[in-house]
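First residue of the sequence shown: 238, per the working numbering; consecutive thereafter.
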Amino acid sequence: MSVHHLAGWRRRGSGERATYSAHCSQHESELLRSIVTSMCELLTERADSAPVDDLSALTGIASGHSVAPQDATLGRLLPDFHRPDQDEELGCDAVNGDLNGALRSINEPLIIDDKLAAAHCLLDTVPVGGGEITLTAAQADQWLTAINDVRLSLGAMLGISEDTPEELAPDHPYAAHLHVYRWLTEQQWILVEEMMGSGEGR
Numbered sequence: 238m239s240v241h242h243l244a245g246w247r248r249r250g251s252g253e254r255a256t257y258s259a260h261c262s263q264h265e266s267e268l269l270r271s272i273v274t275s276m277c278e279l280l281t282e283r284a285d286s287a288p289v290d291d292l293s294a295l296t297g298i299a300s301g302h303s304v305a306p307q308d309a310t311l312g313r314l315l316p317d318f319h320r321p322d323q324d325e326e327l328g329c330d331a332v333n334g335d336l337n338g339a340l341r342s343i344n345e346p347l348i349i350d351d352k353l354a355a356a357h358c359l360l361d362t363v364p365v366g367g368g369e370i371t372l373t374a375a376q377a378d379q380w381l382t383a384i385n386d387v388r389l390s391l392g393a394m395l396g397i398s399e400d401t402p403e404e405l406a407p408d409h410p411y412a413a414h415l416h417v418y419r420w421l422t423e424q425q426w427i428l429v430e431e432m433m434g435s436g437e438g439r
């Protein structure tokens, strides 16, 4: 599977008025749209399956799940707010579940909304069939969020760790998936470097 970096990211201007442009091939466009759409479906399904309590029905303020996702991919996108290793600091074995559940119920809908907004920004700005991409500074930030989210979700599926090789044997069932993961990491880094370049407009 051959995937190259988006050709020629260029920054013009500086600060909030900066724009970022690149050209993507048809294959790159299809790849980005496919993996981001799949992530959106996962997040939307999670949001739609959240229980509705009397308070949220009365106030119109959404409440989310109080239990972490069982799916490893969603678990990476929506991790716990409270770490188990904090139990000793807080002095209560049960606090992990109670605190985590309460924080998740309040914050998970907001986090999902933010992730979906970033994903939809990417989908709205990737030309169908390939072509020129032009982003505002705000859109570039959204791109970084979306790319990072799909990279993390793919990494969770692959079980990425420090011991994961740069690439797998061509006949390995996850060889192409790992290649896409590395490609996403590269895209993220290239765009970050461009956004953190000198303040002088180009």
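Ideal Cβ placement from N, Cα and C applies to all residues, glycine included.
- Look at Glu-253 here: in three-state DSSP terms it is helix.
- The alpha carbon of Leu-389 has as its nearest neighbour, out of Ala-413, Asp-317, Gln-307 and Leu-311, the alpha carbon of Leu-311.
- Scanning Gly-338, Met-394 and Thr-401 for the CA closest to the CA of His-302 turns up Gly-338.
- Segment contact: the region 355-363 against the region 403-421, fewer than three CB-CB distances shorter than 8 Å; contact not assigned.
- Contact between Ile-349 and Arg-248 fails: their C-beta atoms lie close to 30 Å from each other, not under 8 Å.
- When secondary structure is reduced to three states using DSSP, Gly-301 falls in the coil class, being assigned neither helix nor strand.
- Within the same chain, Cβ atoms closer than 7 Å to the Cβ of Gly-366 are found at Gln-263 and Ser-266, the five residues on either side in sequence being excluded.
- Apart from the 5 residues on each side of it in sequence, Arg-254 sits with its Cβ closer than 8 Å to the Cβ of Ala-374 in its chain, given in chain order.
- The beta carbon of Val-387 is closer than 7 Å to those of Ile-272, Val-273, Met-276 and Leu-421 in its chain, skipping five residues each way along the sequence.
- Residue pairing by DSSP places Glu-369 opposite His-260 in a beta bridge.
- About 19 Å separates the Cβ atoms of Asp-290 and Ala-305, ruling out a contact at the 8 Å cut-off.
- Linking Asn-344 to Ala-299 through their CA atoms gives a straight-line distance of about 10 Å.
- Excluding its 5 nearest sequence neighbours in each direction, Ala-287 has C-beta neighbours in its own chain below 8 Å: Ala-299, Ser-300, Gly-301, His-302, Glu-345 and Pro-346, listed in chain order.
- CA-CA distance, Ile-397 to Glu-423, rounds to 16 Å.
- Straight-line spacing of the CA atoms in Leu-353 and Ala-383 works out to 8 Å.
- Taking C-beta atoms as the reference points, Ser-258 and Ile-370 count as a pair closer than 9 Å.
- In this structure, Met-433 sits away from Ala-377, with a CB-CB distance that is not shorter than 9 Å.
- Counted as a single uninterrupted DSSP element, the alpha helix (DSSP H) harbouring Ala-375 occupies residues 374-395.
- Between Asp-308 and Leu-279, the gap from beta carbon to beta carbon is short of 9 Å.
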